[in-house]
Structure formats: C-alpha cells, structure tokens
Amino acid sequence: MKTITLIPGDGIGVEVTTAVQRVIEAANVAIDWEVVNGGETAYLETGQYIPDELIDSISKNKIAFKGPITTPIGTGFKSINVTLRQKYNTYANVRPVKSMSGIKTPFDNIDLVIFRENTEGLYCGIEHLVTEGVAEAIKVITEKASKRIGKSAFEYARKHKRKKVTAVHKANIMKISDGLFLDCIRSVAKEYPEIEYEEVIVDNMCMQLVMYPERYDVLVLPNLYGDIISDLAAGLVGGLGLVPGANIGDDIAIFEAVHGSAPLIAGKNMANPTACILSATMMLDYIGEESAAKRIRQAVEFVIKEGRYTTSDIGGTATTKDMTEAICQYIKSKN
Ligand code: ATP
Ligand code: MG
Numbered sequence: 001m002k003t004i005t006l007i008p009g010d011g012i013g014v015e016v017t018t019a020v021q022r023v024i025e026a027a028n029v030a031i032d033w034e035v036v037n038g039g040e041t042a043y044l045e046t047g048q049y050i051p052d053e054l055i056d057s058i059s060k061n062k063i064a065f066k067g068p069i070t071t072p073i074g075t076g077f078k079s080i081n082v083t084l085r086q087k088y089n090t091y092a093n094v095r096p097v098k099s100m101s102g103i104k105t106p107f108d109n110i111d112l113v114i115f116r117e118n119t120e121g122l123y124c125g126i127e128h129l130v131t132e133g134v135a136e137a138i139k140v141i142t143e144k145a146s147k148r149i150g151k152s153a154f155e156y157a158r159k160h161k162r163k164k165v166t167a168v169h170k171a172n173i174m175k176i177s178d179g180l181f182l183d184c185i186r187s188v189a190k191e192y193p194e195i196e197y198e199e200v201i202v203d204n205m206c207m208q209l210v211m212y213p214e215r216y217d218v219l220v221l222p223n224l225y226g227d228i229i230s231d232l233a234a235g236l237v238g239g240l241g242l243v244p245g246a247n248i249g250d251d252i253a254i255f256e257a258v259h260g261s262a263p264l265i266a267g268k269n270m271a272n273p274t275a276c277i278l279s280a281t282m283m284l285d286y287i288g289e290e291s292a293a294k295r296i297r298q299a300v301e302f303v304i305k306e307g308r309y310t311t312s313d314i315g316g317t318a319t320t321k322d323m324t325e326a327i328c329q330y331i332k333s334k335n
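Using UniProt numbering, read the sequence shown as starting at 1 and increasing by one per residue.
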C-alpha cells in the first residue's frame with residue numbers, strides 16, 4: 001500500500017480533500033493517507049504555517065495531495081504554496097483544462113494543457129522597499145529552469161501525441177528575462193521536430209484564448225503568466241471548481257487543484273469537488289493506477305453530463321457531499 005501525505009488545507013480544503021478520499025476508496029485503490037496540515041489551520045494548532053511534521057512527511061513519502069492553503073495578502077508572510085513548490089523543487093505545474101459536456105460555456109471544444117514554471121520568475125520572493133514610496137520586486141529567469149519546463153511541456157506533447165506547443169511571453173518589453181525564457185524554449189523545441197512550435201505575447205494570448213481557444217494545445221509559460229492564464233482558461237470551461245493540477249519535480253510530486261481556499265463558500269457544503277477529484281486522477285496516473293484514474297474521470301464526466309447531482313457553481317443544486325456520493329456510486333457500479 002502506498003503512503004501519501006494528505007494536506008487538508010484551509011477554507012473549502014477539508015470538504016474537497018474528503019471528497020478525494022471517498023472517491024479513491026470507491027475505486028478500490030488502497031492508500032495509506034498520512035494526514036498532516038499546513039497553512040492557517042496548522043498555524044492555529046501548532047504555531048507553524050508549515051509544521052516540521054509536514055516537511056518530514058512529504059520528504060519521506062515523495063507524494064502529497066494538497067488542499068488549498070490561504071495566503072494572507074500584503075503581510076510579511078511568503079505564500080505557503082510557493083514555499084512548498086520551491087522547497088521540493090516541483091518545477092512543473094501542469095494544468096489540463098478541458099471542456100466538459102453538461103456545462104454551458106461559450107465554447108465546447110477546449111482542450112489545453114498549461115505548463116507553468118513553478119520555481120522562479122516574479123515568484124522568487126525577492127521584494128523590498130527601496131525607499132519610502134518606492135518598492136521593487138525582482139524577476140529571476142534562469143536557463144536551467146526555463147529549459148526544464150520547456151522539456152516537460154514537449155515531453156508531455158510527444159507522449160500524448162499533442163500537435164503544438166505555444167510559448168507565452170512578454171519579451172518585447174522584458175527583452176532580457178523573457179528573452180532568455182524564449183531562447184531556452186526555442187532551443188528545446190528543436191529537439192521535437194514533429195511538434196509545431198509557436199510564440200505568442202501574453203496580452204495577445206489573453207485575447208486569442210477568449211476568441212479562438214480551439215487553436216491552442218499545450219502552453220508553456222513563466223510563473224506569473226501561467227498563474228493568470230490558468231484562471232482565464234478555467235473560466236472558459238466553467239470555472240475554478242473544475243480545473244485540476246499537479247506540481248511535478250524529478251522525485252517529488254504534489255497534486256492540487258488550481259483554485260484557492262474560497263473562504264466565502266467554506267464550510268457550507270457548496271464547493272465543487274471536481275477540481276480536486278481530477279487532481280487525484282493525475283496522482284493515480286502518476287503512481288501507476290491508470291485504470292482507477294480512468295474510471296474516476298468517467299464517473300465525473302457522467303455526473304456532470306447528467307446534471308442531477310452538480311454543485312451551484314456549475315448550475316446545479318447539489319451539495320459537495322451529494323455530488324461526491326453520486327460520483328462514488330457510479331464508480332462502484334463499474335467496479
Ligand atoms: P485564495 O486566497 O485561497 O486563493 P480566493 O478567495 O481567491 O482564495 P479561490 O479559491 O481562488 O478563492 O476562488 C475564487 C472564486 O472561485 C471563489 O470565491 C469561488 O466563488 C470560486 N471557486 C473556487 N473554487 C471553487 C470550488 N471548488 N467550487 C466552487 N467554487 C469555487
Ligand atoms: Mg485565489
């Protein structure tokens with residue numbers, strides 16, 4: 001049995017990670033969950049945002065499933081999510097964004113996979129007041145990190161028979177930093193001649209995605225653009241309640257939905273568990289449980305298409321628990 005660290009997180013975290021445990025159990029995959037919290041909830045209990053126990057657990061198990069963790073805005077404390085990604089060097093943040101039938105959106109043919117660089121860029125946390133009234137943030141782009149995210153994106157494209165990789169940048173303005181990012185991705189692209197490669201400036205990318213999302217396939221972006229484009233893309237397919245993600249490094253992987261802790265709907269049994277459940281299917285693929293992952297995805301697709309047990313963010317009236325239960329029932333009927 002595999003031992004996996006489970007971080008329930010803050011806000012809607014407990015509700016959506018509980019859904020993940022239920023669904024995996026319904027699919028008959030035995031996982032020994034080592035539950036250790038991080039974030040605000042952990043701080044109240046232990047006085048630490050990232051308790052030592054959590055660090056030990058992830059270092060030991062190498063795989064974690066993480067609920068959303070609140071990042072206080074504008075205080076001196078660095079984001080816990082970013083700290084974990086940097087500490088474990090999970091350099092590729094992978095976010096598949098796909099249209100689902102049963103959800104009304106302007107487009108029904110979206111199938112994107114976003115590769116967001118996860119360790120540097122404007123997220124390196126080097127920020128200071130130069131003098132009263134003048135603040136400075138430093139953006140770090142390295143050849144090493146740019147090439148490895150490029151490689152992750154192209155390897156994925158090759159493995160999954162994707163046709164095109166688009167690098168997203170602002171190298172017309174940030175000529176040196178984004179320029180280096182582009183040079184690196186371009187050099188990686190040469191090793192994959194069968195995959196089409198193109199470059200699009202990030203502002204134009206925003207317009208292209210809301211007009212012609214079907215033209216895009218795999219996207220590779222520096223950290224901040226990846227963050228923003230991910231939310232935009234989530235909006236195109238029905239919202240943050242639906243989009244899964246994975247933080248992948250060479251030997252450690254942390255799976256988590258794109259959404260945050262959504263404090264406004266926390267504790268109300270309203271959160272859509274789909275994003276977390278689909279993140280869990282990425283985790284099951286990663287540990288070699290592909291057939292369970294596939295059954296869970298089919299169950300989620302069925303429940304959403306049927307529309308009887310869906311949460312309010314996607315137009316339904318069901319609770320988090322009802323929707324989870326419907327997904328579990330479908331899985332069990334196919335076991
Ligand atoms: P954080 O600071 O942790 O990111 P946030 O208030 O920005 O919290 P997000 O989770 O990023 O909240 O989501 C923004 C909005 O999207 C939420 O207020 C909520 O309306 C919606 N949302 C996000 N996740 C879900 C979900 N799982 N189910 C339903 N709605 C969601
Ligand atoms: Mg947010």
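The C-beta atom is built at its ideal place from N, Cα and C for all residues, glycine as well.
Under the criterion of beta carbons closer than 8 Å, residue 188 and residue 164 do not qualify as touching, at roughly 14 Å. Residue 303 counts as buried, since no fewer than 16 other beta carbons sit within 10 angstroms of its beta carbon. Apart from the 5 residues on each side of it in sequence, residue 138 sits with its Cβ closer than 6 Å to the Cβ of 126 in its chain, given in chain order. With 16 or more other CB atoms across the displayed protein chains lying within 10 angstroms of its CB, residue 177 is buried. Within the region 118-181, complete beta strand (DSSP E) segments of at least 3 residues are found at 127-131, 134-137, 164-169, given in chain order. Residue range 40-46 is occupied by the alpha helix (DSSP H) that includes residue 46. Close CB contacts of residue 251 within its chain, under the 7 Å cut and outside five residues either way in sequence, are with 62 (chain order). If you draw a straight line from the Cα of residue 222 to the Cα of residue 71, it comes to about 21 Å. Ranked by Cα distance from residue 192, the first of 84, 153, 295, 129 is 153. Approximately 7 Å separates the beta-carbon atoms of residue 9 and residue 17; this is inside 8 Å, confirming the contact. In this structure the region 273-288 lies against the region 241-261, because at least three pairs of beta carbons, one per stretch, are closer than 8 Å. When secondary structure is reduced to three states using DSSP, residue 112 falls in the strand class.
In this structure, residue 185 and residue 146 form a Cβ contact; the two beta carbons are roughly 7 Å apart against a cut-off of 8 Å. Contact between residue 120 and residue 94 does not hold, since the beta-carbon distance rounds to 17 Å and is not under 8 Å.
Closest by C-alpha distance to residue 290, out of 21, 28, 13, 3, is 28. In the DSSP assignment, residue 200 falls outside any alpha helix (DSSP H) and lies within the beta strand (DSSP E) extending over 196-201. Distance from the CA of residue 255 to the CA of residue 181, rounded to the nearest whole angstrom, comes to 25 Å. The beta-carbon separation of residue 7 and residue 66, rounded to 4 Å, stays under the 8 Å limit for a contact. Between the alpha carbons of residue 330 and residue 269 lies a distance of about 21 Å.
The closest heavy atom of the ligand ATP lies less than 8 Å from the beta carbon of residue 16.
About 12 Å separates the CB atoms of residue 100 and residue 306; that is not less than 8 Å, and the two are not in contact.
In this structure, the ligand ATP has a non-hydrogen atom nearer than 8 Å to the beta-carbon of residue 261. If you draw a straight line from the Cα of residue 322 to the Cα of residue 197, it is about 43 Å long. Taking the Cα positions, residue 129 is about 16 Å away from residue 78.
Its chain contains no residue whose beta carbon lies nearer than 8 Å to that of residue 288 once the 5 sequence neighbours on both sides are disregarded. In this structure, 275 is the residue among 271, 325, 42, 275 with its C-alpha nearest to the C-alpha of residue 258. Around residue 43, the same chain offers 49 as residues with beta carbons nearer than 8 Å, after the five sequence neighbours per side are excluded. When only Cα atoms are considered, residue 34 and residue 60 end up about 11 Å apart. Counting other Cβ atoms within 10 Å of its Cβ, residue 135 stays below 16 and is therefore classed as exposed.
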